Amino acid sequence: MKKRSGLAALAPLALWTAVMVLFPMGYVLVLSFLTRGESWGVLWRFTLENYKALGDSANLEILWNSLKIGAYTTLLTFLLGYPFALAMVLQPRRRRSLLLLLVVIPFWTSALMRVYGWMILLRTRGIVNDALLGLGLIHRRVKFLNNMGAVLFGMVYSLLPFMILPVYTSLEKLSPSLQEAARDLGARPFQASWTVVFPLTVPGVMSGCVLVFVPAVGMFFISDLMGGGGSMLLGNLISYYFSAGKNWPMAAALSMLMVALTFLSVHVYRRYSGGEMGVF
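Residues -14 to 265 in our numbering are what the sequence shown lists, from first letter to last.
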């Protein structure tokens, strides 16, 4: 009886997984092996040409640029997010809750709207340029947008909370007595943090790296808007093949490549974090 009730309880989860995960993934996988239609759509002729095309020099260059942007974004969010999370943990509980709220608030608005806000601020005749000119810090207007630096800034801004929250969760679980004991044994503050605190927060750091790296590789709207369309990333290429390129099988093959990168990232996370989930 208990076994039947347990299976009944799992039925909604199994149904949701089948409809929302397995069926779409299976459809994209099958689509990636089909042939592009003459004008649009697909022909039911199985082929490996789509996966062979992934090795073209142009596709490899875009993949390499995507991986670099993902790596740089992950590194910068770690360098900014870890000290911020550590500073949050050291605050009194009431102030800590306020800081946590400030980190979560961006999720209450559309990411696209926030990116448009930064575009208004950073444009050539925007508020930032006006302020810098007024303060005498620059003598002519600076082009902040439509370059790779703007894309990287947008990625870091959008994904920074995904690094702060897992690290904060890992740090909050630690007892303050650990660092105090290291200090009593003669370790300096930085040495105590690096040798005692940081190794214990590796699961949270690795979780944050996965949560930042995977979206950064495929987040195409930031490179479209803040990069001016000149910064082609893997997500942009998939969007192009699905829309203007009208090559759905090639877009599906690139999507499966992103799925493979996601599984690889999760595998690295589980390997070096001991399989412990350090997200929330």
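Every residue, glycine too, gets a C-beta built ideally from N, C-alpha and C.
All of these numbers come straight from a predicted model, not from anything done at the bench.
Does the Cβ of I90 have 16 or more other Cβ atoms within 10 Å, making it buried, or fewer, making it exposed? Working through the sequence shown from its first residue, we reach residue 90 at position 105. By the 10 Å Cβ count, I90 comes out exposed.
Within the same chain, show all residues whose beta-carbon is closer than 7 Å to that of T109, passing over the 5 residues directly before and after it, in chain order. As a first step, residue 109 is located in the sequence shown; it is residue number 124 there, counting from the start. Counting only Cβ-Cβ distances below 7 Å, and skipping sequence neighbours, we find R126, K128.
I think M211 touches V100, with their Cβ atoms under 8 Å apart; what is that distance to the nearest whole Å? To locate residue 211, count along the sequence shown from 1; it is residue 226. To locate residue 100, count along the sequence shown from 1; it is residue 115. Between V100 and M211 the Cβ distance is about 7 Å, and since that is below 8 Å, they are a contact.
Using the three-state DSSP reduction, which class does M262 fall into: helix, strand or coil? The residue given as residue 262 occupies position 277 in the sequence shown. Any reading at M262 must be qualified, since the residue scores a pLDDT of 46, below 50, and its modelled position is unreliable; no value is offered.
Per-residue DSSP class, three states only, for L28: Taking the first residue of the sequence shown as 1, we reach residue 28 at position 43. Here DSSP, grouped into helix, strand and coil, assigns L28 to strand.
With a 10 Å radius around its C-beta and 16 neighbouring C-beta atoms as the bar for buried, classify D209 as buried or exposed. Translated into positions along the sequence shown, residue 209 becomes position 224. Classified as buried, D209 has 16 or more neighbouring CB atoms from the shown chains inside 10 Å of its CB.
Determine the closest residue to E23 out of N232, V244, A(-1), with distance taken between C-alpha atoms. As a working mapping, residue 23 is identified with position 38 in the sequence shown. It is N232.
Please go through the segment 177 to 250 and give each complete alpha helix (DSSP H) segment of 4 or more residues, from N-terminal end onward. Runs of the alpha helix (DSSP H) lying entirely within the segment 177 to 250, each at least 4 residues long, are 187 to 203, 205 to 211, 219 to 227 in chain order.
Does the segment 234 to 247 touch the segment 31 to 45, meaning 3 or more C-beta pairs lie closer than 8 Å? Cβ pair count under 8 Å is three or more, so yes.
Pull up the distance between the alpha-carbon of L48 and that of D41, whole angstroms please. Counted from its first residue, the sequence shown places residue 48 at position 63. Counted from its first residue, the sequence shown places residue 41 at position 56. If you draw a straight line from the Cα of L48 to the Cα of D41, it comes to about 11 Å.
Compare the Cα-Cα distances from V244 to each of R255, G230, G220 and report the closest residue. Looking up residue 244 in the sequence shown gives position 259. V244 has its Cα closest to that of G220, out of R255, G230, G220.
Just tell me which of S155, S250, G139, V181 has its CA closest to the CA of G213. Here residue 213 refers to the residue found at position 228 of the sequence shown. Nearest in C-alpha terms to G213, of all of S155, S250, G139, V181, is G139.
In the DSSP assignment, the alpha helix (DSSP H) including N131 goes from what residue to what residue? Here the question's residue 131 lines up with position 146 in the sequence shown. Premise fails: N131 is in no alpha helix (DSSP H) and is neither H nor E.
Sequence-distant residues of its chain with Cβ nearer than 7 Å to V152 (five each side left out): Indexing the sequence shown from 1 puts residue 152 at position 167. So the list reads G66, Y67, A70, T186, G189, V190, G193, once near-sequence residues are dropped.
Mind checking which residues open and close the alpha helix (DSSP H) that includes V13? Translated into the one-based positions of the sequence shown, residue 13 becomes position 28. 8 to 16 is the extent of the alpha helix (DSSP H) around V13.
Could you check what DSSP says for T273 in three-state terms: helix, strand or coil? Limits of the chain in this structure are -14 at one end and 265 at the other, which puts residue 273 out of reach.
Please list the terminal residues of the continuous alpha helix (DSSP H) segment that includes V74. Along the sequence shown, one-based indexing puts residue 74 at 89. First-last of the alpha helix (DSSP H) with V74: 42 to 74.
Can you tell me whether V4 is buried or exposed, with buried defined as 16 or more other CB within 10 angstroms of its CB? The residue labelled residue 4 in the question sits at position 19 within the sequence shown. V4 should be labelled exposed.
What would DSSP say about H252, mapped onto helix, strand or coil? Translated into positions along the sequence shown, residue 252 becomes position 267. In this structure, H252 counts as helix in the three-state DSSP scheme.
Does the separation of the CB atoms of L156 and L61 fall below 9 Å? Working through the sequence shown from its first residue, we reach residue 156 at position 171. Working through the sequence shown from its first residue, we reach residue 61 at position 76. Result no, Cβ atoms of L156 and L61 do not sit closer than 9 Å.
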